[in-house]
Structures are given as C-alpha cells and as structure tokens.
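K.L.:
Right, I'll just put the structure down here and ask away after.
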Amino acid sequence: MTTDSHALVPAEHNPIAGLAHDARGGISNPVLGMLLFITSEVMFFGGLFAAYFSVRANAPQWPPEEFRETLQILPLVGPATILLILSSFTCQFAVWSIRRDDRTAFLRNMTVTVALGVTFLLMQATDYVTLGSEGLTLSSGTFGTTYYTLTGFHGAHVFGGVIMLSVVLYRGMAGQFSSRHHDAVEGASLYWHFVDVVWILLFSLLYLLPGR
Amino acid sequence: MHPLRHPRNAALVGILFVVIGVVFWAVPAFGGWHVDYAGTTMLIFLGAAMALMAYVLVAGSSKE
Amino acid sequence: MATTALTPAASAYRSGLYAWLTTTDHKKIGIMYLINSFVFFFIAGLMVLAVRAELAQPGLQFVNDSTYNELFSMHATLMIFVFIIPVLAGFANYIVPLQVGAPDMAFPRINALSFWMLPLAGVLLLLGFVTGGAAAAGWTSYPPLSEDRPLAAIGSGQDLWIVGLVLIGTSSILGAINFLVTIFKMRAPGMTLFRMPILVWTVLVTSVLVLMATPVITSALIMLFIDRNYGGAFFDPRVGGDPILYQNVFWFYSHPAVYVMVLPAMGMISEILPVFSRKPLFGYKAFVFATAGIGALGFSVWAHHMFTTGAVYLPFFSLMTFLIAVPTGVKMFNWIFTMWRGQLTLATPLLFALGFLSMFLIGGINGAFSASVPVDFALHDTYWVVAHLHYVLFGGSVFGVMAGFYFYFPKMTGRMLNETVGKLQFVLMFIGFNLTFFPMHELGLAGMPRRIADYASAAGWNDLNLLATIGGFTIAASMIPFLWNVFVSLRSGAVAGDDPWEANTLEWATSSPPPPYNFDHLPEIRSERPLFDLRHGRTAGH
C-alpha cells in the first residue's frame, strides 16, 4: 500500500498527525500494524510485571538479605539508561530528517541510534557478567529469576530493535527512503521508543523503587 | 465529529480498565484483605494497551 | 445476481503444489487453515476416543495412567489451539476481505507466515509422544505438576508443548493485527463501521481479545519454561515462588480465549440465520454492542476458574461472571427474533445453526450455575465442568463451524455439498453429542472428578460413562458422512454459481470461487446487506 506522507502539512492537534498518512486520510497500514504490535508487547511485559509485583509482595524481604547491595546504578546501568534515552532522541531526529527529505541527516542520526543501541546491549551484557560473579543468577530464588527475566526479555527486545534499525539503516543507505515513502522508518522508530519506555519503567522499578 | 468517531472517546474503554484495575487494588488494600497484585497489574496494563489500541484504530482510520 | 466476466472456477485450485506453498492469497491461506485444522481435529478426536474407550467401564483396559494423562492433555491442547482457534481464523481469513470488499488482507505475507507456523507447532506438540512422553499435566499445565521433572517431563514433551503454544500464540497475534488493519483501513467505499456484516464485527472483537490476551499466556509459558529449565523461582514454592501466580496469569488469557473460540462462530451464525429465514438480522446495533460487551466483560472474569484456590476476591468475579449472561442473552434473543415469522429453509447450514443455538443455550445455563461460588465449590474439577465446556465449545463452536462449512463450501469450491448426506451428518452428530455430554452433568453432580483414568465400580458411575462412550463413537461415526460429502462433492457436487443461497453480503457478489483479486466491481454499499439491496433495486438508507 503506497503512502503519501505530507511532511510539510502543519500538524493538527493530534499526536499521530505527523505519522505517514495514506491517500484516504488514515495512517499507513504498516505503521498502524506496528502500533498494534506494540500494544501486544505492552501486554507481554504486563504479564511479566504482574509476576514481579506478585512475587515481590509475597517475599518476606525485598531485596533479600544476600542481594541488598547487588543492584547498583553505577557504573553501568545508569549510564546505559542515559544512552538508551539519547538513542530515542537520535531516532526521532532521524525520522524528522527523512520526513524533510534530508537523507544525510537521516543516515547520520540512524547510525548513531544503532551504535547507541549496540552499546546499551554490551553494557547490559557486562553488567550480567558482574552480577553473575556476585552470585546473582537466574536460579537465585525469586529475586534473581525476576531480575534476569525482566531485563533479559527487555534486552531481547532491544536486540530485535537493533536488527530492525540496522535493516532500516541499510535500506536508507541504498536510497530506498524519501519524504513520501518511509513507512519502515516510522515503524522501526515507534518500536524503538516503546523499547525505551519499557526500560524507563523497568529501571525505575528495579533500581529506584524502595525495597521492603 | 460524531462522539464515537473521536479517538479520545475510543480510548475511554481502556481508561475504564485502568480504573477497574485501581479499584481491584484499592478495595482489598483498604479493606484489609489479600491484595491480588498480579491481577491488578494485568488489568492496568490491559487498560493502557487497550486505550492506545483504540486510539490508534479510530484516529488512524480512513476519513470516511 | 451479480456475475463476473472472468470465472476462474476450479482451475484456480488445480494450481500446483508450489503455488499453494508460496501463496499469499487470503483465500488459499484460509483453505489451508481449514485443512490443517481439520487434520488436527481428527487426531485430537482419535485421542479422545481412546479416552472414552478407557472410561466406558471401570478398570484400566487399554492404556496406563500416564498414557491416559497424555491423551486427555493433548486432546484438549490440540482441539483448543490447533483446531478451534485456527479454524475460525481460517474462516475469517477467507471471508473478511471479501465481506469488506477488499482485494486481500492488509499484510498478505504475514498472513502466510501466520498460517505456516501452525502445522509446525502442531508437529512440535505431537513430537512429545515420540520423545518419551507428551505433555501430561492437563492442557492447563499447572505447576507444581508441570514443573515436576520426573513426573510431567519423562521426555521433553512439556517443553515442546510450551514452544508449540508460543508459536501458535505468535501466529494468532500476527493474525489479529492483520484483521484489525484490514477491517479498519480496507473497507470498500460506503461501508461504514455500522454497515459491516456481523461476522466482521465478531472478528474485530475477537482480534482485540487475541491482541490483548495472547501475549499474557506467552509470558506465563515463558516463566514456566524458565522454571523448568533454568532453575527459575516463579512458581516453585520451595524457592519462594507461587503456583497460584501461574493460574492467575494463565487464566487472564485463557478466559478471553473462550470468547475467541466462539465469537467468530457466532458471527457465521449471524450470517446464516438471516439468509435462511429470509429476514434481516434482528437488532443489528444491539448485536454489535453485545459483542463488544462480551469482549470487555470477558477480561474481568478470569479468576472464576480459580474460585477454589482461596486466593480470589469471590464476590467480584462471581458478579462479573453472571453479568456476561446479559449480552449473551441479548444475542440469543436477536437470533431467535431473526427467525421469528421468517420463511425458514431447513437446509443443512440452518440445521447446524439451530443446533448451535440450542446447545450453546444449555452451555450458557450450566455455566450460570457454576458462576455461583458455593455451587462451583462443589462442582469444580468434576464432570459438570466437562459438560459445560463441551456444550459451549462443541455444541456452540463446532456446530457453528459446521454451519459455516456447509454455508461457505460452495463459495470456496464452486460446488454444493450434498444436502441429504449433510442432514445425516447433522442428525448423527447432534444425537451423538448429547448422548456423550448430557450424562456428564449427572456424573459431575454425583461427584465424578475430571482427569481420572479409572473409577471405582462401586461409585455408581458405570452406566453413564458407558452411555457417554457410545455417544462419543456416534460422533465419530458422524464424521464418515462428513468426509464422504466433502470428497465426493469436491469432485462431482452440483455447480454452485455466485450466490446459491440468495444471500446478503458482498462475498456472494463475485464468482465461486472468487478470482484472485476478489471483485470485478462492487455493488453500491448503503446498508449491511448490499447484495440484498442490489437484488431488490433498493436504495436502503441506514
């Protein structure tokens, strides 16, 4: 389905007005499809969060005594969070660039986004190794299981997002996107923002919420 | 625009579930009996997801 | 009656194997969904014939305990996940683009992907039987039993079960996205939301349920997998986990799932009744709102499957469960008033539709009993529940599927099914079904538990069990005329033409089978019955 994205039409007071619209005035099919997929992913994380809150409420102490000091924001997780948030910004800059037909800026911003995403994953992996050496594993009771499951599935989604953005970057370098045709960019960026929002929620819950 | 066409109104069905989720937490929490955190979480997430879904479906539909 | 200039007819289906394997045409994909689903219907049916053969008399005659557990667990798993949900998705896949006047689904390649995940998943599920033991902890797979390695995982059947179900869930979710985008973005000009056929509305609500609920069971299954294979602590009380948590997350999906399993069937019934009563559907708007109401309420009742755990806020869930009877009742009345004072043609689709109405009504009534907490305390995990679930899922959904099959076979193949043979199938199936499942009400009230391979002769359950087994084999017998009908009619059934039933909706405004692009031209759409309007030269406002 071809889309006809009027990048220069002033945005109405409507959050989705900027998204690619097709000839009959709705948002384009692939973008709508991605938004719906994102809602299903919200529910997937909902199930995992439900388990987390339930398990946490049932525990006599949270974090358990042996893991009181294990989760640390520095030196890895805090900076990784900042980088991921930054990557959402660069991703959105990339979207705005291609809507303006500025392919150079689009490619530059998208490259930075992918690089930041990869860096996040590497920092996460390093953190896992550190935590493992401190005795926190998937089988470390409810605390370890929930921590690794939640962050692990988030990481898997980041990985998927990096793949998606890399494909978009590759297609962009091959000249396949313009201000009129760039559904894949819009879709991939929406997914990336979602992944970022989930991390902000996760980070707040796991690192910032006071224990019991 | 007909009220049923307004995306914000479509999102109400999701907001309703968020409200149900909050009530689901509040009644046992203040009533003093066992709180079902899993159920509460799932209901609230459902509300958020449904609100987003309903909004994009209505807002993103062709103008007919 | 609209005819199209190009009539590909049967030659469309003489296309080679390669064309079928690589197709992205929603019509071919829909047919493949149906074929795959019925294959697993027969496999799961054979499994339960073994179960019923075992239960006919006290004593273990044919299988041992663990094989019995595998049989009933896999029977239910296959029926739910590889038969009823996909067969309805298959009908929806075929019919929805035609009914909204679209050339295909929104994402044809993802449509093909959704289908092909299913035979793969089915094979994975069955593979357990040859790797040392299929899943045997019930289709619900509650921990601790499903996590108990020596017992519930003699082989890796339980893990294969988890992977198979995650695949099927993904297939469903992708399908739901496809249906929603198709319905909201690809309707023909003039077809406002309130001019869509009811089947499209039911597929819409079903897709919302699938989209929102299925990911939750995916999370439950993944947590189960982690517990089983990586020493996880979600559901294992020995390390701080909670088995009831699994039930909570599991049923948050599995309750809306039952509406996924019945709403599209109700949609097809709502197409069939007006055609065979020569009257419009009574109360179209009420029907739409009732369907939406069932979808919404369906998310608030999940813990009624857990009343006996002691971990549930009983009044809330009991009240919500009773409430669901209201929109369902609205639909019942709408269907009945559609037929009231209509000119009924008692063709096979209508017979199955009547079977649906009466059997689903019984299932709704015995469900209402279970909604009462004290009643459920006595009847939970007894044969009463087996009776209830089969009255709604077989008496309801399967009869609905059969009605839809007889109704849409001419459109899909260009041939009519034999009416006499169809009626024979209906009679055998209806009698067999009631013989099998009605006694189970009494068995449940008499205290017979579910999921037992054997029972004491002194319990007094012998006669009813034998009766149920006879009924079960009668249902099996009804499959013979069904298969005969399908294969013979495919070869030499009467040619169907575009609109053999004088129906109302757009799919009948093109050839049987339709050309790849569906329509040469579309009639003007001014109501939910565009073909009816065209035929009667009406400019029906709405």
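Chains as they are written, first to last, in the numbering used here: chain A, 10 to 221; chain B, 47 to 110; chain C, 322 to 863.
Ideal Cβ positions, reconstructed from N, Cα and C, are used throughout, including at glycine.
(1) Taking Cβ-Cβ distances shorter than 8 Å, what residues in chain C pair up with Leu140/A?
(2) Could you tell me whether the segment 661-680 of chain C touches the segment 596-606 of chain C, where touching means 3 or more Cβ pairs closer than 8 Å?
(3) In the DSSP assignment, find the unbroken alpha helix (DSSP H) run with His711/C in it and report its ends.
(4) Might you give, ordered along the chain, the residues of its own chain that have their beta carbon closer than 7 Å to the beta carbon of Phe628/C, omitting 5 neighbours on each side?
(5) Closest Cβ-Cβ distance between Ala57/B and chain C: below 8 Å?
(6) How big is the Cα-Cα spacing for Phe715/C and Leu764/C?
(7) Measure the Cβ-Cβ separation of Ile489/C and Val403/C and say whether it is below 8 Å.
(8) Give the straight-line distance between the Cα atoms of Val104/A and Gln185/A, rounded to the nearest whole angstrom.
(9) Along the alpha helix (DSSP H) that carries Met800/C, what are the first and last residues, could you check?
(10) Can you find at least 3 beta carbon pairs, one from the segment 383-393 of chain C and one from the segment 765-781 of chain C, that sit closer than 8 Å?
(11) What is the DSSP secondary structure of Ile543/C, reduced to helix, strand or coil?
(12) Find out if the Cβ-Cβ distance for the pair Trp829/C, Leu852/C is shorter than 8 Å.
(13) Excluding the 5 residues flanking Glu592/C on each side, which residues of the same chain have their C-beta closer than 6 Å to its C-beta?
(14) Answer with yes or no whether the minimum CB distance from Ser621/C to chain B is below 8 Å.
(15) Could you check whether Val713/C and Gly684/C sit closer than 8 Å to each other, using their CB atoms as the reference points?
(16) Once you ignore the five residues that flank Asn357/C on each side, which residues in its own chain have a CB closer than 6 Å to its CB?
(17) What's the C-alpha gap between Ile91/A and Gly616/C?
(18) Going along chain C in order, which residues have a C-beta closer than 9 Å to the C-beta of Asn38/A?
(19) Between Ala75/B and chain A, is there a C-beta pair that is closer than 8 Å?
(20) Which residues in the same chain have their Cβ closer than 7 Å to the Cβ of Pro564/C, if we skip the five residues on either side of it in sequence?
(21) So Ala66/A contacts chain B; which residues on that side make the cut at Cβ distance below 8 Å?
(22) Under 8 Å: do the segment 413-429 of chain C and the segment 827-842 of chain C share three or more Cβ pairs, one atom per stretch?
(23) Just confirm the distance between the C-beta atoms of Phe70/B and Met52/A, as a whole number of angstroms; I'd bet it's less than 8 Å.
(24) Starting from Leu441/C, trace the alpha helix (DSSP H) both ways and give me its first and last residue.
(25) Skipping 5 residues on each side, what residues in its chain have a beta carbon closer than 7 Å to that of Arg516/C?
(26) The segment 513-546 of chain C: which residues have C-beta closer than 8 Å to a C-beta of chain B, in chain order?
(27) At a cut-off of 7 Å, would you count Phe186/A as near the ligand ADP, judging by its Cβ distance to the nearest heavy atom?
(28) Considering only C-alpha positions, which residue in the set Ser213/A, Arg221/A, His202/A and Pro219/A is nearest to Thr48/A?
(29) Would you tell me roughly how many angstroms separate the C-alpha atoms of Thr757/C and Tyr157/A, rounded to the nearest one?
(30) Span of the alpha helix (DSSP H) holding Leu131/A?
(31) Return the residue from the list Ile791/C, Pro536/C and His347/C that minimises the CA-CA distance to Arg373/C.
(32) Is Pro73/A near Phe162/A, with beta carbons less than 8 Å apart?
(33) Just by C-beta distance, which residues in the segment 93-107 of chain B are closer than 7 Å to chain A?
(34) Rounded to the nearest angstrom, how far is the Cβ of Val86/A from that of Asp136/A, given a contact under 8 Å?
(35) Throw me the rounded Cβ distance for the Ala708/C and Met761/C pair, which I believe falls under 8 Å.
(36) Pairs of beta-carbons, one from the segment 173-191 of chain A and one from the segment 106-123 of chain A, closer than 8 Å: are there three or more?
P.N.:
Inspection of the coordinates gives the following:
(1) Counted from its first residue, the first sequence places residue 140/A at position 131. By Cβ distance, chain C contributes nothing, its closest Cβ being about 15 Å from Leu140/A, past 8 Å.
(2) yes
(3) For the purposes of this step, residue 711/C is identified with residue 390 of the third sequence, where counting begins at 1. Tyr704 to Val713 is the span of the alpha helix (DSSP H), which, as asked, contains His711/C.
(4) Looking up residue 628/C in the third sequence gives position 307. Cβ within range, chain order: Leu635, Val694, Asp697, Phe698 and His701.
(5) In the second sequence, counting from the first residue as 1, residue 57/B sits at position 11. Not closer than 8 Å to any Cβ of chain C, the Cβ of Ala57/B fails to qualify, so no.
(6) Here the question's residue 715/C lines up with position 394 in the third sequence. Here the question's residue 764/C lines up with position 443 in the third sequence. Their Cα atoms are separated by approximately 19 Å.
(7) To locate residue 489/C, count along the third sequence from 1; it is residue 168. To locate residue 403/C, count along the third sequence from 1; it is residue 82. Result yes, Cβ atoms of Ile489/C and Val403/C sit closer than 8 Å.
(8) Taking the first residue of the first sequence as position 1, residue 104/A is located at position 95. Taking the first residue of the first sequence as position 1, residue 185/A is located at position 176. The alpha-carbon atoms of Val104/A and Gln185/A are separated by roughly 14 Å.
(9) Here residue 800/C is taken as the residue at index 479 of the third sequence, counted from 1. It spans Asn783 to Ser813 - the alpha helix (DSSP H) in which Met800/C sits, taken as one unbroken run.
(10) yes
(11) Taking the third sequence and counting its residues from 1, one reaches residue 543/C at position 222. In the three-state reduction of the DSSP assignment, Ile543/C falls in the helix class, which pools H, G and I.
(12) Locating residue 829/C in the third sequence gives position 508, counting from the first residue. Locating residue 852/C in the third sequence gives position 531, counting from the first residue. Their beta carbons are under 8 Å apart, which means Trp829/C touches Leu852/C by this criterion.
(13) Taking the third sequence and counting its residues from 1, the one referred to as residue 592/C is at position 271. Once the five neighbours on either side are set aside, the close Cβ partners of Glu592/C are Leu520.
(14) As a first step, residue 621/C is located in the third sequence; it is residue number 300 there, counting from the start. Answer yes: the Cβ-Cβ gap between Ser621/C and chain B drops below 8 Å somewhere.
(15) Taking the third sequence and counting its residues from 1, one reaches residue 684/C at position 363. Taking the third sequence and counting its residues from 1, one reaches residue 713/C at position 392. Yes, the Cβ-Cβ distance between Gly684/C and Val713/C is below 8 Å.
(16) The sequence position of residue 357/C within the third sequence is 36, counting from 1. So the qualifying residues of the chain are Leu439 and Pro440.
(17) For the purposes of this step, residue 91/A is taken as the residue at position 82 of the first sequence. For the purposes of this step, residue 616/C is taken as the residue at position 295 of the third sequence. Rounded to the nearest angstrom, the two C-alpha atoms are 40 Å apart.
(18) Translated into positions along the first sequence, residue 38/A becomes position 29. Within 9 Å Cβ-Cβ: Ala427, Phe428, Val502, Thr503, Lys506 and Met507.
(19) As a working note, residue 75/B is residue 29 in the second sequence. No, Ala75/B lies away from the interface with chain A (no Cβ there is under 8 Å from its Cβ).
(20) Here residue 564/C is taken as the residue at index 243 of the third sequence, counted from 1. Only Tyr463, Pro464, Pro465, Phe556 and Pro558 meet the Cβ criterion.
(21) By one-based count along the first sequence, residue 66/A stands at place 57. Those are Val81 and Tyr83, listed as they occur along chain B.
(22) yes
(23) In the second sequence, residue 70/B corresponds to position 24, counting from 1. In the first sequence, residue 52/A corresponds to position 43, counting from 1. Actually they are not in contact, since the Cβ atoms of Phe70/B and Met52/A sit about 17 Å apart, beyond 8 Å.
(24) Numbered from its first residue, the third sequence carries residue 441/C at position 120. Residues Pro429 to Leu448.
(25) In the third sequence, the residue the question calls residue 516/C occupies position 195. Here the set comprises Ile846, Ser848, Glu849 and His863.
(26) Thr513, Val529, Leu532, Met533 and Val537
(27) Looking at this structure, you won't find the ligand ADP or any other ligand, since it has none at all.
(28) Translated into positions along the first sequence, residue 48/A becomes position 39. It is His202/A.
(29) By 1-based counting over the third sequence, the position of residue 757/C is 436. By 1-based counting over the first sequence, the position of residue 157/A is 148. Approximately 48 Å, taken between the alpha carbons.
(30) Looking up residue 131/A in the first sequence gives position 122. Arg112 to Ser142 is the extent of the alpha helix (DSSP H) around Leu131/A.
(31) In the third sequence, counting from the first residue as 1, residue 373/C sits at position 52. Among Ile791/C, Pro536/C and His347/C, the Cα nearest to that of Arg373/C belongs to Ile791/C.
(32) Taking the first sequence and counting its residues from 1, the one referred to as residue 73/A is at position 64. Taking the first sequence and counting its residues from 1, the one referred to as residue 162/A is at position 153. In this structure, Phe162/A does not lie closer than 8 Å to Pro73/A by Cβ.
(33) Ala94, Ala95, Leu98, Met99, Val102, Ala105, Gly106 and Ser107
(34) As a working note, residue 86/A is residue 77 in the first sequence. As a working note, residue 136/A is residue 127 in the first sequence. Right, the Cβ-Cβ distance comes to about 6 Å (below 8 Å), so this counts as a contact.
(35) Locating residue 708/C in the third sequence gives position 387, where the first residue counts as 1. Locating residue 761/C in the third sequence gives position 440, where the first residue counts as 1. About 4 Å; that satisfies the 8 Å criterion.
(36) yes
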